[in-house]
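Student:
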Amino acid sequence: MEAEHWWSTWAPLWNHIEDRHFSTRVTEALIDRMASDALVIGAGQGIIVRYLEDKGFRALGLDINPQMVRIAKEKYGLDIVEGDAGDLPFENESFTTVIISSGVVDYGADETAIARFIGEARRVCRPGGTVFIAFYKIPPRIEKIYRKIGVIDTGDAYDIYHMSRIFEINEIAEKFPPLCAIPIKKWTGKSMARVNFEWAMVGLTRPKEFMTERKWINRLFSDGEKIGLSKKDLIDSVPDTIPYRTRSQIEELLARINIAFSEIRDFNDCTVVICGK
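In terms of the working numbering, the sequence shown opens at residue 128 and continues consecutively.
1. Give the straight-line distance between the Cα atoms of I386 and R249, rounded to the nearest whole angstrom.
2. Report, in whole angstroms, the separation of the C-beta atoms of A165 and L189, which I expect to be a contact under 8 Å.
3. Spatial neighbours of R243 within its chain, please: C-beta separation below 6 Å, excluding the five flanking residues on both sides.
4. Spatial neighbours of G210 within its chain, please: CB distance less than 6 Å, with the 5 preceding and 5 following residues excluded, ordered by chain position.
5. For the pair the stretch 253-262 and the stretch 154-168, tell me if three or more CB-CB distances fall below 8 Å.
6. On the three-state DSSP scale, how would you describe L306?
7. Have a look at the DSSP bridge pairing and note the partners of L189.
8. So within the stretch 322-353, which uninterrupted alpha helix (DSSP H) runs reach at least 4 residues, ignoring any that extend past its ends?
9. Does R292 come out as helix, strand or coil in the three-state DSSP assignment?
10. Expressed to the nearest angstrom, what Euclidean distance is found between the alpha-carbon atoms of E131 and N192?
11. Less than 8 Å between the beta carbons of N297 and R341, yes or no?
12. Taking Y273 as part of the alpha helix (DSSP H), name the residues at either end of that continuous run.
13. So A156 is in the alpha helix (DSSP H); what residue range does that whole segment cover?
14. P366 to A382, Cα distance in whole Å?
15. Roughly how many whole angstroms lie between the Cα atoms of V329 and V322?
16. Report the CB separation of V278 from I299 in whole angstroms; it is logged as a contact under 8 Å.
17. Measuring only from the beta carbon, is R177 closer than 7 Å to any heavy atom that is part of the ligand ADP?
18. As a quick exercise: from P267, W141, Y285, pick the residue whose alpha carbon is nearest that of T368.
19. Reducing DSSP to helix, strand and coil, say where P370 ends up.
20. If we count Cβ pairs, one from each stretch, closer than 8 Å, do we get three or more for the stretch 267-278 versus the stretch 229-240?
21. Between the C-alpha atoms of L347 and H148, what's the straight-line distance to the nearest angstrom?
22. So, at 7 Å on beta carbons, what are the nonlocal neighbours of V232 in its own chain, with the 5 sequence-adjacent residues on each side left out?
23. Taking the alpha carbon of E180 as the point to measure from, which residue in Q194, L205, I198, R197 has its own alpha carbon closest?
24. Helix, strand or coil for Y452? Go by DSSP, reduced to three states.
25. Taking DSSP's pairing of strands, which residues face I68 in a bridge?
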């Protein structure tokens, strides 16, 4: 599985990334609707498990990737359960709160798998409990830029996030920013004149959010090199494309797979579907 290779390669750096997938900020915003016992599916190295425990909750995490589970134990002393979101190793009605991190539903899962993940989450949730399902979201200002330069393409059932293109643009921009117009033209099909104008506005005038994102990416590479992870290996492990769902596309998905929900809330880094049990 392409995503598994990505997670395993980036696992030593995941502490820099994990708070972008159902973040601590989102958890705090929804915490009044959570209760012990809580299960975090797609827990990674356990940032949300730790956050909930610090708030006095009994919480448990599950992740499919053995590298994440190992680091969670060795670095944070957490016994994250290694397991599959589609076949949870828990009894019916074991938890009052179940959180599905955005990485579970967004990275390569088809609609049948997503329905199975949500079904399993609801199976282990107690009556009166709540299931939170997160879909990945890029902060609006950055998303707008990514759509302009072809990192995100508009699709039918869902949009396409070309994650690898972020790193390609970043590499070119580090050397000579005007050359970024060449791949952008290829990706978008726009005229070179329009691409040059839009890139001048996006890449050369350096909006704060875009430059902050680029600095974050370069810091990841720098930290990787310090522990023996080459930039090439990190970039090569990243999936070429993953689904990127707008709110309306999420609603259409839930209708197709017959998932009832009580509310959808938009946050800066994810869209959260809330299902009562």
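Where is the CB? At the ideal position from N, CA and C, for every residue including glycine.
Nothing here was measured: the structure is a model prediction, and the numbers come from that model.
Tutor: If we stick to the structure as given:
1. Start at 1 with the first residue of the sequence shown, and residue 386 comes out as number 259. Start at 1 with the first residue of the sequence shown, and residue 249 comes out as number 122. Rounded to the nearest angstrom, the gap between the Cα atoms of I386 and R249 is 10 Å.
2. Against the sequence shown, residue 165 aligns to sequence position 38. Against the sequence shown, residue 189 aligns to sequence position 62. Beta-carbon to beta-carbon, A165 and L189 are separated by about 11 Å, too far to satisfy the 8 Å threshold.
3. Here residue 243 corresponds to residue number 116 of the sequence shown, with the count starting at 1. Only G213 meet the Cβ criterion.
4. For the purposes of this step, residue 210 is taken as the residue at position 83 of the sequence shown. Its chain contains L189, P216 as the residues whose beta carbon lies nearer than 6 Å to that of G210, once the 5 sequence neighbours on both sides are disregarded; these appear in chain order.
5. Yes: at least three Cβ pairs fall under 8 Å.
6. Locating residue 306 in the sequence shown gives position 179, where the first residue counts as 1. In the structure shown, L306 sits in a helix (DSSP, three-state: H, G or I).
7. Within the sequence shown, residue 189 is the residue found at index 62, counting from 1. Note: L189 sits in a beta bridge opposite I168, V208.
8. Counting only unbroken stretches of 4 or more residues, the alpha helix (DSSP H) elements lying wholly within the stretch 322-353 are 335-353, in sequence order.
9. Taking the first residue of the sequence shown as position 1, residue 292 is located at position 165. Helix, per DSSP.
10. Counting from one through the sequence shown, the residue named residue 131 turns up at place 4. Counting from one through the sequence shown, the residue named residue 192 turns up at place 65. Going by C-alpha positions, E131 is about 7 Å away from N192.
11. Locating residue 297 in the sequence shown gives position 170, where the first residue counts as 1. Locating residue 341 in the sequence shown gives position 214, where the first residue counts as 1. Their beta carbons are under 8 Å apart, which means N297 touches R341 by this criterion.
12. Here residue 273 refers to the residue found at position 146 when the sequence shown is read from its first residue. It spans 267-276 - the alpha helix (DSSP H) in which Y273 sits, taken as one unbroken run.
13. Numbered from its first residue, the sequence shown carries residue 156 at position 29. Element bounds for A156: 151-157.
14. Residue mapping note: residue 366 aligns to position 239 of the sequence shown, counting from 1. Residue mapping note: residue 382 aligns to position 255 of the sequence shown, counting from 1. If I take the Cα positions, the gap works out to 27 Å.
15. Locating residue 329 in the sequence shown gives position 202, where the first residue counts as 1. Locating residue 322 in the sequence shown gives position 195, where the first residue counts as 1. So the two alpha carbons sit approximately 10 Å from each other.
16. As a working mapping, residue 278 is identified with position 151 in the sequence shown. As a working mapping, residue 299 is identified with position 172 in the sequence shown. I299 and V278 do not touch by the CB rule: their CB atoms are close to 13 Å apart, not below 8 Å.
17. As presented, the structure is devoid of all ligands, the ligand ADP included, so that no description of it is given.
18. Position 241 of the sequence shown, counted from the start, is the residue given in the question as residue 368. Nearest option by C-alpha distance: Y285.
19. As a position in the sequence shown, residue 370 is number 243, starting the count at 1. Looking at P370 - three-state DSSP - the assignment turns out to be strand.
20. Taking 8 Å as the limit for Cβ pairs, the verdict is that the stretch 229-240 does not touch the stretch 267-278.
21. Looking up residue 347 in the sequence shown gives position 220. Looking up residue 148 in the sequence shown gives position 21. Distance between the alpha carbons of L347 and H148: 17 Å.
22. Numbered from 1 along the sequence shown, position 105 holds the residue referred to as residue 232. Close CB contacts of V232 within its chain, under the 7 Å cut and outside five residues either way in sequence, are with I241, F244, I260, F262 (chain order).
23. Within the sequence shown, the letter at position 53 stands for residue 180. Minimum Cα distance to E180 is reached at L205.
24. There is simply no residue 452 to check, as the chain begins at 128 and stops at 404 in what is shown.
25. The structure shown does not extend to residue 68, since the chain is modelled only from 128 through 404, so no value can be given for it.
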